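In full-length UniProt numbering, the protein residues as written are 1 to 157. We put the beta carbon where it would ideally sit given N, CA and C, even for glycine. This one's a predicted model, so the numbers in the text were calculated from it and none came from an experiment.
See the structure below:
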């Protein structure tokens, strides 16, 4: 029997980035009735992604001086995204600001993803072994699964 290898954390994060990009594309095409559902998917995906990244990936980055330097800016970008998410959550889909805020969020996330993929992932790959990256991938999946209920509850409040 062949053992299926767990993807490393970089592969998992890149996959999630593509999923979020797809959700933003769907939101751009959504009609009024679909827009709130699209936002809920974006909220859920980004909240799970950022929380899990902060609990698993960033602490691992702190272990390496050359990657630790990226953490402060990345955490600030996460905070900015969280603020925009909560602003959108407080609006109604028919509010004129709703779609504008989703566009603002998309730009902020795009910037963060580009930095992460073009700088952080390249740097971390130089300092962490593939085995460590795979262990982090396993931990990322486990932590994300544990956060699912908590994030779902936050969406309904």
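Which residues in the same chain as residue 70 place their Cβ atom closer than 6 Å to its Cβ, once the five residues preceding and following it in sequence are excluded?
120
If residue 109 and residue 46 are in contact, beta carbons under 8 Å, what's the gap, nearest whole angstrom?
7 Å
Apart from the five residues on each side of it in sequence, which residues of its chain come closer than 6 Å, Cβ to Cβ, to residue 27?
38 and 102
Cα-Cα separation between residue 175 and residue 44, rounded to whole angstroms
Any property of residue 175 remains undetermined from this structure, which presents the chain solely from 1 to 157.
Does the Cβ of residue 99 have 16 or more other Cβ atoms within 10 Å, making it buried, or fewer, making it exposed?
buried
Jot down the residue ranges of each uninterrupted beta strand (DSSP E) in the UniProt domain "Hemerythrin-like" (9 to 122), minimum 3 residues, whole runs only, in chain order.
none
Minimum C-alpha distance to residue 83 - residue among 50, 115 and 137:
50
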